[in-house]
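Protein chains: 2
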Amino acid sequence: MTHALYQPIELAFRGEAAVPAGSVAPVTVTFRHDSGEEVSVDGFWDGGTAYRARFLPEAEGAWTWEVARSLTPLDQTSGSFDVAAAEGHGPVRVAETFHFAHADGTPFRPVGATVYNWIHQDEPLVSDTVASLRDAGFNKLRFMVFPQAGGSVEHTPTLMPFEKTDDRWDVTRPVPEFFQRLDGLVRDLGEAGIEADVLILNAYDRGVFGLDELTEEEDAIYVRYLVSRLAAFPHVWWSLCNEYDQLLRPEDRWDRLGEFVARIDPYDHPRSIHNWMHIFDNNRPWVTHASIQNGSVTEAPGRARTYRDAYYKPIVLDEIKYEGDAEARWGRLSAKELVDRFWITTIEGCYASHGESFVTDSGSLHIVEGGRLRGDSPARLGFLRGVLDDLVVPGLNPIDKWDDPEYGAGWAPKQYLIYLGSSAPAAWRIRIPIGYADETKPQEGDRYAVDLIDTWNMTITRAGTFALDEVHRDFAFAGSDPIAIPEGEAIAVRLTRADLA
Amino acid sequence: MTHALYQPIELAFRGEAAVPAGSVAPVTVTFRHDSGEEVSVDGFWDGGTAYRARFLPEAEGAWTWEVARSLTPLDQTSGSFDVAAAEGHGPVRVAETFHFAHADGTPFRPVGATVYNWIHQDEPLVSDTVASLRDAGFNKLRFMVFPQAGGSVEHTPTLMPFEKTDDRWDVTRPVPEFFQRLDGLVRDLGEAGIEADVLILNAYDRGVFGLDELTEEEDAIYVRYLVSRLAAFPHVWWSLCNEYDQLLRPEDRWDRLGEFVARIDPYDHPRSIHNWMHIFDNNRPWVTHASIQNGSVTEAPGRARTYRDAYYKPIVLDEIKYEGDAEARWGRLSAKELVDRFWITTIEGCYASHGESFVTDSGSLHIVEGGRLRGDSPARLGFLRGVLDDLVVPGLNPIDKWDDPEYGAGWAPKQYLIYLGSSAPAAWRIRIPIGYADETKPQEGDRYAVDLIDTWNMTITRAGTFALDEVHRDFAFAGSDPIAIPEGEAIAVRLTRADLA
Chain A
1 MTHALYQPIE LAFRGEAAVP AGSVAPVTVT FRHDSGEEVS VDGFWDGGTA YRARFLPEAE
61 GAWTWEVARS LTPLDQTSGS FDVAAAEGHG PVRVAETFHF AHADGTPFRP VGATVYNWIH
121 QDEPLVSDTV ASLRDAGFNK LRFMVFPQAG GSVEHTPTLM PFEKTDDRWD VTRPVPEFFQ
181 RLDGLVRDLG EAGIEADVLI LNAYDRGVFG LDELTEEEDA IYVRYLVSRL AAFPHVWWSL
241 CNEYDQLLRP EDRWDRLGEF VARIDPYDHP RSIHNWMHIF DNNRPWVTHA SIQNGSVTEA
301 PGRARTYRDA YYKPIVLDEI KYEGDAEARW GRLSAKELVD RFWITTIEGC YASHGESFVT
361 DSGSLHIVEG GRLRGDSPAR LGFLRGVLDD LVVPGLNPID KWDDPEYGAG WAPKQYLIYL
421 GSSAPAAWRI RIPIGYADET KPQEGDRYAV DLIDTWNMTI TRAGTFALDE VHRDFAFAGS
481 DPIAIPEGEA IAVRLTRADL A
Chain B
1 MTHALYQPIE LAFRGEAAVP AGSVAPVTVT FRHDSGEEVS VDGFWDGGTA YRARFLPEAE
61 GAWTWEVARS LTPLDQTSGS FDVAAAEGHG PVRVAETFHF AHADGTPFRP VGATVYNWIH
121 QDEPLVSDTV ASLRDAGFNK LRFMVFPQAG GSVEHTPTLM PFEKTDDRWD VTRPVPEFFQ
181 RLDGLVRDLG EAGIEADVLI LNAYDRGVFG LDELTEEEDA IYVRYLVSRL AAFPHVWWSL
241 CNEYDQLLRP EDRWDRLGEF VARIDPYDHP RSIHNWMHIF DNNRPWVTHA SIQNGSVTEA
301 PGRARTYRDA YYKPIVLDEI KYEGDAEARW GRLSAKELVD RFWITTIEGC YASHGESFVT
361 DSGSLHIVEG GRLRGDSPAR LGFLRGVLDD LVVPGLNPID KWDDPEYGAG WAPKQYLIYL
421 GSSAPAAWRI RIPIGYADET KPQEGDRYAV DLIDTWNMTI TRAGTFALDE VHRDFAFAGS
481 DPIAIPEGEA IAVRLTRADL A
């Protein structure tokens, strides 16, 4: 059989007895590549005496597999397959310290969305959510495996993740239909080009379902099962919890859970933990990128970048307040404010996630139940995503990070992005910040294509191509005459070295 | 003999042979308190066959001591002494997560100064430095043990810390006169009420002295010697290096050095490491407080506070640019700008250090050689120190840290400080931010004394005492009429609950 690189391969087994879930996987399979590379993968129970093991190949060529251990005799124990040309770009991982790229090297710039209780809704809401996010251009979705309860939730799910024993959730008895549905929804996201940022636990149970009362051992059994099912999907990310510190658990319990996920995920998918008031120590080794709630750092330049120097990891600002008309102060940003925050985040060398808090027909919010987006920001964020996708460099970093009053970002000397703010001046003198790295300093005579990006009206206009004619200690200038800017608009200027434009 | 609590006790020994320095101390003494508490202290060689062991008692009552180990036979090996009432407040340690307090509980609010090459100057410069800092009201000084070379340095020291063997510094042969002088200067700071923030290594050798070319093992021998000499002074702080990342050393070498200092210092003095462009991982356990160079976070509110959430340790912004007329962009702040930065830092719940970069008579700068201060900021920073000393609470924390547009800091519900910025409005409605902690929420009817603090003209004016008459979700108000403010001035408002004012 021939499979595509970066696409999951599923082995289906039949056992002699049902071994649903526990602290060891019911079956473990070793995959061996011609090169000698080995990957050990946990399989999972899928109802009755059915077992599956999913594998994500990251190398072309001939592979063999064999069951390394099984808790029940299986109907097959070894096999082989070939992996040919890639479909897709493979899992996302950290690249260039502050950014992301797929396994094949293609940069990934998250412009994410948030629908916490998405998988617990009925149709057409579930499909509408994916279609609407895809159409807007979002490329990542944060959603919770466990159902949300309490405020703004107008829906009780029919499927729950576990059976109950003695009126208590029994994590050793997962409900296959629940997780089969989850598999399908994760696949749907993949087909829509949206990374699945899976919130493993949830802080919004509020005593309704009791899924936040699992012990640490029970959490581990559940997480092993979840990872066994989902890790082979190339587009999966792990977030331990949204607003983790709303749950009264010691920080070291979260730390152990993060280490556990890192240990059992064969593919090293991105891992994070998202805060309410207490930011987690994102310097912990298992944290691949900081997922931070602090919308205030996106209000003005010079703030979000501080997290880069604290963690030296990609910074994703998840929850920067929402576009909407909710009463709470976190839910009533205008579209212009939210789009402005995204562009500020961009020139801070960070990433952000969108959420919409208009009250929906059911009396809920889009961030809870999803559906069609109604706001004016999604189209502009799709436009931003296009600008990010078109970058000719691995990512944008603040250039002269603590001194440039214009807060220019870029990748010296190839490309720069300067965001003039939500109210641009009428004229701007072409100026590139220099910073401290001598080897990437732009030189007099270097030519740059200058594009004016209207971030709200979604236009990109070439202002011309200009040669640098003054290179000082801190700035390089092109021409002494300023160029005209659409005054009062939210304008970004993109400068691309002429050979790359 | 009777000694004062929190004052160093020195035992003087005579050995049979000279054992200058090495990877173990020449003598180790165990001090035992009546309560059973034991402290093990390394002694040090002090020239010829003289050895000393210094001990800082932190408990009153009867103590005995005995030599636990010695590399040469000594003239005395045990003894006893009593410790009576305290002189001073004892060593500074972290208090309430983000702040500092002396061992006796007295809060310590650093308003520090910076004279890197201080100990390498001649008189009267050395004494003038201390007198001028004391008169201005600074309570901490950052200075380097090793001499600075290169830019702005107009002085070559006569005393060096080590002898040379084969034209290479021999750390096993410290120069007693160098360190005796250092002892005396550290004592002078103590008498002036100034904490000694000792920069153990230095990144400004620039190939002149070669003291930055010691191996890791040599560093350890030197550091053991230095700590043995200085740790018993109650007012010592350790900073591994200024701008550590100007030295091309792997980060884990710094990490091991920090752990080493933590292990060998019996008194757990404050420990930090100060960056140039790459902020150290201040979440490392040995780091007691973050010593950060990033002046830009003191330019506007909402920035410096991000470091608090990254590290959950006190944040001291060392090097926020200097008052002066130097050409470099780090050395030409106006006094008003620098004072404004300190007040912003204060309401961010952080601390800052001063430095002056007017060119001195010798052609150097005050931050290098010291002497009399000339700027207009020191008096205002002394005034700020007075305001901090007068706080009736352990420290100031941002109250509604990511949402209050006025960036009010305080300790709810006892005392608040709101800095209206360098250009105050003509009128201000009395308003206290509330944040998230229900138990410290101010209540309707609570009365507060309101003081207007003119941070530049150094006046404090009581505007009156007001009762809160509107308590909403995010703010509590007193009176619907705004109070008058000296328009255009740099005004802070202090609100103290009436029973504490």
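Listed in order, the protein sequences are those of chains A and B.
Number 54 in the UniProt record's numbering belongs to position 54 of the first sequence; there are no gaps in the numbering.
Number 334 in the UniProt record's numbering belongs to position 334 of the second sequence; there are no gaps in the numbering.
From the three backbone atoms N, C-alpha and C, an ideal C-beta is built for every residue, glycine too.
I'd like the span of the beta strand (DSSP E) that includes residue i, first residue to last.
i	result
I315/B	I315 to L317
V29/B	V27 to H33
G410/A	A409 to W411
D265/A	Unbroken run through D265/A: none, as it is neither H nor E.
T129/A	It is not in any beta strand (DSSP E) - T129/A instead sits in the alpha helix (DSSP H) that spans L125 to A136.
F143/A	K140 to M144
On the CB-based measure, 16 or more other CB atoms within 10 Å of its CB, does residue i come out buried or exposed?
i	result
I436/B	Reading the sequence as shown, one finds Tyr at residue 436/B and not Ile. Exposed, since its Cβ has fewer than 16 Cβ neighbours within 10 Å.
H99/B	buried
V24/A	exposed
T345/B	buried
residue 588/B	What is shown of chain B runs 1 to 501, which leaves residue 588/B out entirely.
N457/A	exposed
R308/A	buried
A84/B	exposed
Q415/B	buried
E319/B	buried
R263/B	exposed
E195/A	buried
K164/B	exposed
E406/B	buried
Between the C-alpha atoms of residue i and residue j, what's the straight-line distance to the nearest angstrom?
i	j	result
T2/A	D46/A	24 Å
A463/B	V450/B	5 Å
V19/B	P174/B	11 Å
A323/B	L125/B	According to the sequence provided, residue 323/B is Glu. The question's Ala does not apply to it. Taking the straight line from one Cα to the other gives about 20 Å.
K313/A	G105/B	38 Å
E356/B	A379/A	51 Å
R447/B	H472/B	16 Å
L189/B	W237/B	12 Å
V297/A	P110/B	27 Å
G349/B	G302/B	11 Å
G371/B	I119/B	12 Å
V287/A	A310/B	14 Å
C241/B	G445/B	51 Å
Y116/B	I418/B	33 Å
Quick one: give me the first and last residue of the alpha helix (DSSP H) that residue i is part of.
i	result
R385/A	S377 to D389
A304/A	Premise fails: A304/A is in no alpha helix (DSSP H) and is neither H nor E.
I347/B	A335 to I347
F179/B	P176 to E191
D219/A	E216 to L230
E369/A	H366 to E369
Give the C-beta separation of residue i and residue j to the nearest angstrom, bearing in mind that I take them to be a contact with Cβ-Cβ under 8 Å.
i	j	result
D474/A	I434/A	6 Å
T72/A	A17/A	5 Å
V493/A	L373/A	Contact flag wrong, Cβ pair sits at about 29 Å.
V261/B	R271/B	6 Å
L381/A	A131/A	Not really, about 16 Å apart at Cβ, beyond 8 Å.
Residues of chain D with a CB under 9 Å from the CB of residue i: which are they?
i	result
R329/B	In the structure shown, chain D does not exist; the protein chains are A and B.
(message) Taking contact to mean 3 or more Cβ pairs, one atom from each stretch, closer than 8 Å, check whether the segment 391 to 403 of chain A and the segment 273 to 281 of chain A are in contact.
(response) no
(message) With three or more C-beta pairs closer than 8 Å as the rule, is the segment 243 to 257 of chain B touching the segment 72 to 79 of chain B?
(response) no
(request) Evaluate contact between the segment 237 to 245 of chain B and the segment 277 to 297 of chain B, counting only Cβ atoms and requiring at least three cross-stretch pairs below 8 Å. (result) yes
(message) Measuring CB atoms only, is the segment 77 to 95 of chain B touching the segment 356 to 372 of chain B, in the sense that at least three cross pairs come out at less than 8 Å?
(response) no
(message) Any contact between the segment 25 to 32 of chain A and the segment 64 to 72 of chain A? By contact I mean 3 or more CB pairs, one from each, below 8 Å.
(response) yes
(message) Is it the case that the segment 476 to 488 of chain B contacts the segment 419 to 434 of chain B, given that we only count it when at least three CB pairs across the two stretches are under 8 Å?
(response) yes
(message) Under 8 Å: do the segment 384 to 393 of chain B and the segment 141 to 153 of chain B share three or more Cβ pairs, one atom per stretch?
(response) no
(message) Three or more C-beta pairs under 8 Å: does that hold for the segment 158 to 178 of chain A against the segment 220 to 228 of chain A?
(response) yes
(message) Quick check: the segment 47 to 55 of chain B against the segment 202 to 215 of chain B, are at least 3 beta-carbon pairs closer than 8 Å?
(response) no
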